[in-house]
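*Asks:* Chains B and L, in that order, give the protein sequences.
full-length UniProt numbering puts the first sequence at residues 1 to 293.
full-length UniProt numbering puts the second sequence at residues 1 to 299.
Built from N, CA and C at the ideal position, the CB exists for glycine as well.
One structure, pasted below without further comment.
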Amino acid sequence: MHHISPARRVFLVANAAFLSLLAVLCFLPLVHVLAVSFSESAAVAAGQVTFWPVDFTLKSYDFIISRPEFMRSFVITLERVLLGTAINMLLTIMIAYPLSKDVRTFRMRTFYVWIFVFTILFAGGLVPWYMTIKYTGLLDSVWALVIPGAVPVFNVILLLNFFRGLPKELEESCFIDGAGHLRTLWTIYVPLSLPGLATVGLFTIVGHWNAWFDGLILMNKPEHYPLSSYLQTIIINFDFSHVKQEDLYKLASISTRTSKAAQIIVGALPILLAYPFLQKYFVKGIVLGSVKE
Amino acid sequence: MKTAKWMRELPLHLLLLPGLVLVLVYSYVPMLGVVIAFQKFTIFSGWFGSPWIGLDNFRFVLDMPNTGQVIWNTLFIACMKIIAGLFVPIVIALLLNEVTRSFIKRGVQTLIYLPHFLSWVILGGILIDLLSPSEGIVNAMLGKLGIEPIFFLADNRWFPAVLILSDVWKEFGFSTIVYLAAITSVNPTLYEAAVMDGAGRWKQTRHITLPGMMPIIVLMVTLSLGNVLNAGFDQVFNLANPLVYESGDILDTMIYRIAFNDAQYGVATAVGLFKSVVSFLLISVSYWLAYRLANYRIF
Numbered sequence: 001m002h003h004i005s006p007a008r009r010v011f012l013v014a015n016a017a018f019l020s021l022l023a024v025l026c027f028l029p030l031v032h033v034l035a036v037s038f039s040e041s042a043a044v045a046a047g048q049v050t051f052w053p054v055d056f057t058l059k060s061y062d063f064i065i066s067r068p069e070f071m072r073s074f075v076i077t078l079e080r081v082l083l084g085t086a087i088n089m090l091l092t093i094m095i096a097y098p099l100s101k102d103v104r105t106f107r108m109r110t111f112y113v114w115i116f117v118f119t120i121l122f123a124g125g126l127v128p129w130y131m132t133i134k135y136t137g138l139l140d141s142v143w144a145l146v147i148p149g150a151v152p153v154f155n156v157i158l159l160l161n162f163f164r165g166l167p168k169e170l171e172e173s174c175f176i177d178g179a180g181h182l183r184t185l186w187t188i189y190v191p192l193s194l195p196g197l198a199t200v201g202l203f204t205i206v207g208h209w210n211a212w213f214d215g216l217i218l219m220n221k222p223e224h225y226p227l228s229s230y231l232q233t234i235i236i237n238f239d240f241s242h243v244k245q246e247d248l249y250k251l252a253s254i255s256t257r258t259s260k261a262a263q264i265i266v267g268a269l270p271i272l273l274a275y276p277f278l279q280k281y282f283v284k285g286i287v288l289g290s291v292k293e
Numbered sequence: 001m002k003t004a005k006w007m008r009e010l011p012l013h014l015l016l017l018p019g020l021v022l023v024l025v026y027s028y029v030p031m032l033g034v035v036i037a038f039q040k041f042t043i044f045s046g047w048f049g050s051p052w053i054g055l056d057n058f059r060f061v062l063d064m065p066n067t068g069q070v071i072w073n074t075l076f077i078a079c080m081k082i083i084a085g086l087f088v089p090i091v092i093a094l095l096l097n098e099v100t101r102s103f104i105k106r107g108v109q110t111l112i113y114l115p116h117f118l119s120w121v122i123l124g125g126i127l128i129d130l131l132s133p134s135e136g137i138v139n140a141m142l143g144k145l146g147i148e149p150i151f152f153l154a155d156n157r158w159f160p161a162v163l164i165l166s167d168v169w170k171e172f173g174f175s176t177i178v179y180l181a182a183i184t185s186v187n188p189t190l191y192e193a194a195v196m197d198g199a200g201r202w203k204q205t206r207h208i209t210l211p212g213m214m215p216i217i218v219l220m221v222t223l224s225l226g227n228v229l230n231a232g233f234d235q236v237f238n239l240a241n242p243l244v245y246e247s248g249d250i251l252d253t254m255i256y257r258i259a260f261n262d263a264q265y266g267v268a269t270a271v272g273l274f275k276s277v278v279s280f281l282l283i284s285v286s287y288w289l290a291y292r293l294a295n296y297r298i299f
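In structure tokens, the structure reads:
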């Protein structure tokens, strides 16, 4: 076992080199944009910037942070993430607990499960969804971004499978001690499911941070866009129609390319910062959700 | 006795109530709202006041010159993504499993998982910058090799390839997790027995690891069947422009344009209903197959 053949050694080195190269290649585009965002616009225009900033400057960041639209959309995103995550998590727990019971303890369980699962299988489509939100009067408020997606069915399924994996005896002893369902849920199920909840929670936060499409169509005014929707209009559609004259003047001195790069980085920053924590949890969560008996 | 049981279940019903109401309003009402597909719908007349026009919206869609092309694009892009999205992660998982140094293994995983967590707005912005013909770094590098600049995002020959490759970039690392988990769950005594029988690494991979991964591979193949009409709205919406509609326009982007650019809500809903019904059948079949072939149940 301790002897490694020369061919095997060559393979091991080549394999490690190939995978490392691939991994770096995945990451390089981000490094390039980071370098562009910190570079002087003249150097960027001359094509001197590859993976390291040339003539380091924070001008682009200064510019985007000084723009009121940017800060406003940032605040809306914070609101959305806080509200949305709280509502999503609360509902996930409240729905997953009854559905994790078997049919003998909860006779209507299967019926309820199908009501929720059917929404994964069939959807009304874009226009009826939009009309429903319009008719319920949510358009143009932060609630439009939070309420229609308040029940994350996939997360419910993930958590209910987690709940089912907990030992039955704990629950029984809790009932014998006289606790009701609510108490059992909050004192036994929730604390014991923290790894599962952390996974679901982090995915929810990332989802709300990244969501851009609903903001784009459910908000009538660009002033109400969350950050991702705002960035979509600026970075992708290049829509500077609501940029003021003096800002355009300022923009000329930093170039749209460096300012776009800076906005891409800011849009990705919270995820890059949260990533180490995310990574610790999600592998377990994913495996739990996708591979089971 | 009967009432006592009902009373004991009451809190469970109450816990479900808020979620149930929200799902009924925001998932089931839109399902009923598909009646728009059979109406000459205007916002002012609403669901109840708009006149019925039978299948006219569907006929209108069928008569549009680009409908066939859009369906073809959707199928082609989705299928290529499904194939690449199965093949690449399996190969990478097998190669990663051979890496003996754990810091390389962990480092590689950390970097390849990352793009999954960035949105297509961010990745689209990055791609637009990288692939620009005049200032993008990709074309600058091609230029050093003496290759003329290629306008990747406005050239119908290149655009589908960009979609498929960038989708692999975003998702292959994340999908690798599932296959790596499958590999680690293979019984180690099988390898010991194989070594006794004189099997090398390649034989072990072919006769133990791959068969061991088979249930998961079958599961992922069947589950991906439900996505044949989902070519990726977020990605296409953020990368496409009118120059590449011929090769890159998909059902979802078409629905969006018909609805929000042309305000033809009935027509957009008709296309959406077609997509929903076909997807429903595909997902149902794929879940049923996954249950039969891989004993997979979602709940």
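#1: Closer than 7 Å by C-beta to residue 297(L): which residues in its own chain qualify, once you throw out the five before and the five after it? Chain order, please.
#2: So, does the segment 39-52 of chain B touch the segment 254-266 of chain B, judging by three or more C-beta pairs under 8 Å?
#3: Measuring only between beta-carbons, confirm whether residue 280(B) sits less than 7 Å from chain L.
#4: Would a check of beta-carbon distances place residue 191(L) closer than 7 Å to chain B?
#5: How would you call residue 239(L), buried or exposed, if buried means at least 16 neighbouring beta carbons within 10 angstroms?
#6: Which whole runs of the alpha helix (DSSP H) in the segment 120-200 of chain L are 4 residues long or more, in chain order?
#7: Sort 267(L), 64(L), 24(L), 222(L) by Cα distance to residue 57(L) and report the nearest one.
#8: In the segment 101-113 of chain L, which residues sit with their C-beta less than 9 Å from some C-beta in chain B, listed in chain order?
#9: Please report how far the alpha carbon of residue 19(L) lies from the alpha carbon of residue 94(B), in whole angstroms.
#10: Where does residue 186(B) fall in DSSP's three states?
#11: With a cut-off of 7 Å, does the C-beta of residue 166(L) fall near any C-beta of chain B?
#12: In whole angstroms, what is the alpha-carbon distance linking residue 31(L) and residue 148(B)?
#13: Looking only at DSSP bridge pairs, what is residue 52(L) linked to?
#14: With DSSP collapsed to three states, give me the class of residue 222(B).
#15: List the residues of chain L whose Cβ lies closer than 8 Å to the Cβ of residue 19(B), in chain order.
#16: Quick check: residue 248(L) and residue 236(L), are their CB atoms within less than 7 Å of each other?
#17: Using the C-alpha atoms, what's the distance from residue 139(B) back to residue 224(B)?
#18: Kindly indicate which residue of 214(B), 231(B), 263(B) has the alpha-carbon position closest to the one of residue 131(B).
#19: Give me the Cβ distance between residue 174(L) and residue 256(L), rounded to the nearest whole Å; I'm assuming they're in contact under 8 Å.
#20: Buried or exposed for residue 208(B), please, with buried defined as at least 16 other CB atoms from any protein chain shown within 10 angstroms of its CB.
#21: Residues in its own chain within less than 7 Å of residue 170(L) by CB, not counting five upstream and five downstream?
#22: Got a sec: is the Cβ-Cβ distance from residue 85(B) to anything in chain L below 7 Å?
#23: Can you pull the chain L neighbours of residue 98(B), defined as C-beta to C-beta under 8 Å?
#24: Using a Cβ-Cβ cutoff of less than 7 Å, which residues in the same chain neighbour residue 73(B) once the five nearest sequence positions on both sides are dropped?
#25: Could I get the ranges of all uninterrupted alpha helix (DSSP H) runs contained in the segment 115-200 of chain B, with 4 residues as the minimum, in chain order?
#26: Answer with buried or exposed for residue 187(L), where buried requires no fewer than 16 other C-beta atoms within 10 angstroms of its C-beta.
#27: Evaluate contact between the segment 146-164 of chain B and the segment 7-24 of chain L, counting only Cβ atoms and requiring at least three cross-stretch pairs below 8 Å.
#28: State the Cα-Cα distance for the pair residue 164(B) and residue 100(B), rounded to the nearest angstrom.
#29: What does the Cβ neighbour count give for residue 66(L), buried or exposed, with the cut at 16 atoms within 10 Å?
#30: Residue 150(L) and residue 139(L) look like a contact to me (Cβ under 8 Å); what is the Cβ gap, rounded to whole Å?
#31: Determine the DSSP secondary structure at residue 65(L), reduced to helix, strand or coil.
#32: Take residue 209(L) and list the residues in its own chain whose beta-carbon comes closer than 8 Å to its own, dropping the five residues that flank it on each side.
#33: Compare the C-beta of residue 289(B) with all C-beta atoms of chain L and state if any pair is closer than 7 Å.
#34: Scan the segment 266-286 of chain L for residues whose Cβ lies nearer than 9 Å to a Cβ of chain B and list them as they occur along the chain.
#35: By the DSSP assignment, the alpha helix (DSSP H) with residue 234(L) in it spans what residues?
#36: Closer than 8 Å by beta-carbon distance: list the chain L residues that pair up with residue 106(B), in chain order.
*Replies:* Let me spell this out:
#1: 291
#2: yes
#3: no
#4: no
#5: buried
#6: 120-131, 137-144, 159-184, 188-196
#7: Of 267(L), 64(L), 24(L), 222(L), the smallest CA-CA separation from residue 57(L) is found for 267(L).
#8: 101, 104, 105, 107, 108, 109, 110, 111, 112, 113
#9: 8 Å
#10: helix
#11: no
#12: 14 Å
#13: In the DSSP output, where bridge partners are listed per residue, residue 52(L) has 39(L).
#14: helix
#15: 92, 95, 96, 99, 104, 108
#16: yes
#17: If you take the alpha carbons of residue 224(B) and residue 139(B), they lie about 10 Å apart.
#18: Just measuring C-alpha positions, the residue of 214(B), 231(B), 263(B) sitting nearest residue 131(B) is 214(B).
#19: In fact, because the Cβ distance is near 26 Å, the residues do not count as touching under 8 Å.
#20: buried
#21: Setting aside the 5 residues that flank it on each side, residue 170(L) is surrounded in the same chain by 115, 116, 123, each with a C-beta closer than 7 Å to its C-beta; the list follows chain order.
#22: no
#23: 12, 13, 15, 16
#24: 225, 226, 227, 230
#25: 126-135, 143-146, 153-165, 168-176, 181-184
#26: exposed
#27: The answer is yes - the segment 7-24 of chain L touches the segment 146-164 of chain B, with three or more Cβ pairs under 8 Å.
#28: 6 Å
#29: The Cβ neighbour count for residue 66(L), taken over all protein chains shown within 10 Å, is under 16; the residue is labelled exposed.
#30: 6 Å
#31: Coil at residue 65(L), not helix or strand.
#32: 94, 97, 183, 186
#33: Only weak support is given to the placement of residue 289(B): the predicted model assigns it a pLDDT of 49, under 50, and the value that follows is read from those uncertain coordinates. Chain L, which has no Cβ nearer than 7 Å to the Cβ of residue 289(B), makes this no.
#34: Answer in chain order: 266, 268, 269, 271, 272, 273, 275, 276, 277, 279, 280, 283, 284.
#35: 233-239
#36: 9, 12
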